[in-house]
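Quick notes on the structure that follows.
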Amino acid sequence: MVPLSYYLLLGGILFACGVTGFLIKRNIISIFLSIELMLNGVNLSFVAFAAQWHALSGQVFVFFVMVVAAAEATVGLAIIIAVFRTRETLNVDQVNLLKL
Amino acid sequence: MTNSLNLWLIPLLPLIGAAINGLLGKKFSRQTVVSVALAFCGAAFAMALFVAARFSSLTLPHIESVAPWIRVGSFQVDFAFYLDQLSIVMLLVVTGVGFLIHIYSVGYMWEEGGFYRFFAYLNLFMFFMLTLVLASNYLLMFIGWEGVGLASYLLIGFWFTKDSAASAGKKAFIVNRIGDFGFLIALFLLIKHFGSLNFAEVFQSIAPLPPEAAAGTLTAIGLLLMLGACGKSAQIPLYIWLPDAMEGPTPVSALIHAATMVTAGVYMVSRSHVIFDRAPSALAVVAIIGTLTAFFAATIGICQTDIKKVLAYSTVSQLGYMFMACGVGAFSMGVFHLMTHAFFKGLLFLAAGSVIHAVGGEQDMRKMGGLRTKIPWTFWTMTAATFAIAGFPPFAGFFSKDAILWQAYSSPYGSWVYWLIGVITAFLTSFYMFRQWFLTFFGEYRGEAEHEHDAHGTGHDSSSHGHGGIHESPKVMLVPLVILAVLSVIGGWIGSERFGGFLAPVFHFALPAAASGHSEPALSEGVLTVISVLVALLGFGLAWLLYYRRPQLPKQIAQALGSFYDAVLNKYYVDEIYATLFVKPLVDGSTRILWHGVDQNVIDAGLNGSADGAREVSDTVRHMQSGNLRSYAGWIAAGAAVVIAYMIWMGTR
């Protein structure tokens, strides 16, 4: 059986990739993908713990996260389309109307 | 309370009048203002008469509690009213004289601006004064005490656009604060030692004490109460505000600064006689202060040339007599003099107001003279009052002053020294009052020619009195004068014996076991009476000689006396001494330490410093708020990393 720490390490790597991508990418869609990557890193650690401790609640949580992520994806993609229609760009550095 | 007299109505009625006139009076016509003010003040007088009529059927003291006020543990203070022989006398004097002066003011103030304001204040004063005399505990009394001070302040500064009036008002208020401070500390001591402020309870717990027990406490309370009385009743060393208070309109001087408010101190000391009876040293202080004030103020009165200032110093002096009476344990004689004084001094002020009215706002007696035939009603009423205050029998002042002098001489607390100074003061009183009488009404008129009266509108009450010709005052002013003149004549006929007998139940604790070893007085009452009448005659004669027969003599005497005369003329420089001793150090200290030191260097510096600091910090920090989405995300990630690192570190420890 694969030890727990492997799963956690993989989850951490996925999360770190997500954070890095979130910070360095300029395209909104790439940032969005990075968020999904972070969520799935977390999901992985949830299921790993759930399997380790035989606790169902961890797996239930993963479902919640997936549902929320799906809802977020619909809203987020709609926003992205709206942003593109008004600004004609997906570069976040140029979407800075709130800046002082 | 089957036998309720609704005492609460008596103070409340003038308050309603004050509220109506004060809030709505601006839109009223003068007639409406007058009818409101007179109706509510008259109603209070009628209530007082009604109470007096029912008086004999009451069990005294009659206490009516209206509503609870403060209840903390066993300590309680209620809105309650206390009626006994002492308060009924005060009640009748205050409402009666007050009502007459209200009537007089209608004529006197008719031409003035702020008419409604004046009557609102006057009614407000009546409310507080009646609260003061009817209160059944020290705290409610204190409310009235402060309230009359407020009304006094408002009315002294009635012509607030005039600088001297405004500062006279402030002076009266501030000097009174010093006295009130003493009063307040006395109340705290009463609460601490007797756990109550109700007259009935306090006196009941003190009365059984032998004179030696708790002497220190009671002396302290007595002295502090006396400090309060000194402020309100203008005794040494706090008398300086009263002469300046003459800046107010003349009816105010008559009502507040002669007849009623300034006698509040005498009332308070008499009310607290149980405390003073057991504190002989405090009582002696009362007598000494009273005697000194009576003499001191009388000497200043001799040199004053302003008709109202003479009366002001005379008031201070007569109040001194009242305190002298209280101080020798003859409280009922003090109250007797309070009553007769309210009649004749109220009348003197009103008559002086009538004179000022007649000569178009002039207050300097040197510019009057010969007014006897021109304003006969004023002349005759003022004559009655002058004879009354000088102590000629059978006028009212004779009976009360004589009773005080006799008590000062013969009472167990008395001494011939008090009597001697009292008699000298009586002589001075007679002299300066007749000096005023001769200067004002006899000889030649020394003012400007009559047709010029329109021109000099700069004088005191003159803002609108600048009308031509010397003329008698309107009837509405003369009627109160005549009534008060009648009272000044017959007010003393009740006699000190009967008056003292009436008040005896209130003062029945007084003079516990007449101090042993006091010998029979060497002189009988009859001899003393003859002496007082003689000195009154002597004062009259001297005034007649100096100001009627040989009017050039006073100047020569003044020159002969030189610097002493100057000192008296300048009121012994007391105001200047106080200014140097107290006012200037206070102002300097406040400026240097409190203003430049504390306010600018500590409070302002601290406040501005923290504001500057906040700005500098935010100047640095605001660069974080770049608006760049990824930098925010970076901060979040960094923050999360720090939190996680911390938790890992905590977990592995």
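Residue numbers (this note's numbering), protein chains in the order written: chain A, 1 to 100; chain B, 101 to 753.
Glycine residues also receive a C-beta, built at the ideal position from the N, C-alpha and C atoms.
Note that this is a predicted model, so its numbers are computed, not measured.
Three or more beta-carbon pairs separated by less than 8 Å are not found between the stretch 102-111 of chain B and the stretch 77-86 of chain A, which leaves the two stretches without contact.
Within chain A, the C-beta atoms nearer than 7 Å to that of B/Ala737 come from Val19 and Leu23, in chain order. Taking the Cβ atoms as the reference, B/Thr629 lies roughly 5 Å from B/Asp502, within the contact range of under 8 Å.
Of all C-beta pairs linking the stretch 326-343 of chain B to the stretch 356-375 of chain B, three or more are shorter than 8 Å, placing the two stretches in contact. Close CB contacts of B/Met368 within its chain, under the 6 Å cut and outside five residues either way in sequence, are with Ala329 (chain order).
The C-alpha of B/Pro111 lies about 32 Å from the C-alpha of B/Ser264. Buried is the label assigned to B/Ile521, since at least 16 other Cβ atoms lie within 10 Å of its Cβ. Residues of chain A with a Cβ closer than 9 Å to the Cβ of B/Ala733 are, in chain order, Val19, Phe22, Leu23 and Ile31.
For B/Asp688, the secondary structure class from DSSP, reduced to helix, strand or coil, is helix.
Taking a cut-off of 8 Å on C-beta distances, the stretch 204-215 of chain B touches the stretch 568-586 of chain B, as three or more cross pairs fall below it. Using a Cβ distance threshold of 8 Å, B/Tyr678 and B/Ile340 count as a contacting pair.
DSSP places A/Asp93 in the helix class (H, G or I) of the three-state scheme. For B/Arg472 against B/Phe542, the beta-carbon gap comes to about 6 Å, under 8 Å, which counts as contact. By the neighbour-count criterion, in which a residue is buried when 16 or more other Cβ atoms sit within 10 angstroms of its Cβ, B/Thr525 is buried.
A distance below 8 Å between beta-carbons, with the five flanking residues on each side excluded, links B/Gln131 to no residue of its chain. By the beta-carbon neighbour count (other beta carbons within 10 angstroms, threshold 16), B/Val717 is exposed. As for any alpha helix (DSSP H) of minimum length 4 sitting wholly inside the stretch 376-401 of chain B, there is none. Straight across, the Cα-Cα distance linking B/Ile590 with B/Val582 is about 12 Å. Considering only beta carbons, the part of the stretch 80-93 of chain A lying closer than 8 Å to chain B consists of Val92 and Asp93, in chain order. Judged by DSSP secondary structure, B/Gln176 falls within the beta strand (DSSP E) whose first and last residues are Phe175 to Leu183. In the DSSP annotation of this structure, B/Glu164 is not part of any alpha helix (DSSP H); the continuous beta strand (DSSP E) holding it starts and ends at His162 to Val172.
DSSP, reduced to helix, strand and coil, places B/Ala307 outside both helices and strands of the structure shown, so it counts as coil. If you draw a straight line from the Cα of B/Phe128 to the Cα of B/Tyr216, it is about 8 Å long. For B/Val374, the closest of B/Ser305, B/Val459 and B/Trp644 by C-alpha to C-alpha distance is B/Ser305. Taking B/Tyr648 as the centre and dropping the five residues before and after it, the same chain places the C-beta of Phe538 and Phe542 closer than 6 Å to its C-beta, in chain order. Around the beta carbon of B/Ser414, 16 or more other beta carbons lie within 10 angstroms, which makes this residue buried.
Measuring C-alpha to C-alpha distances from A/Leu97 to each of B/Phe449, B/Ala658, B/Met747 and B/Asn728 identifies B/Asn728 as the nearest.
With fewer than three CB-CB distances shorter than 8 Å, the stretch 598-607 of chain B does not count as touching the stretch 489-497 of chain B. Using a Cβ-Cβ distance cut-off of 8 Å, the stretch 385-395 of chain B and the stretch 259-276 of chain B are not in contact, since fewer than three pairs of beta carbons, one from each stretch, lie closer than that value. In this structure, the beta-carbon distance from B/Ser372 to B/Phe607 does not fall below 8 Å. B/Gly249 counts as buried, since no fewer than 16 other beta carbons sit within 10 angstroms of its beta carbon. Judged by beta-carbon spacing, B/Ser530 lies within the 8 Å limit of B/Gly491, meaning their Cβ atoms are closer than that value.
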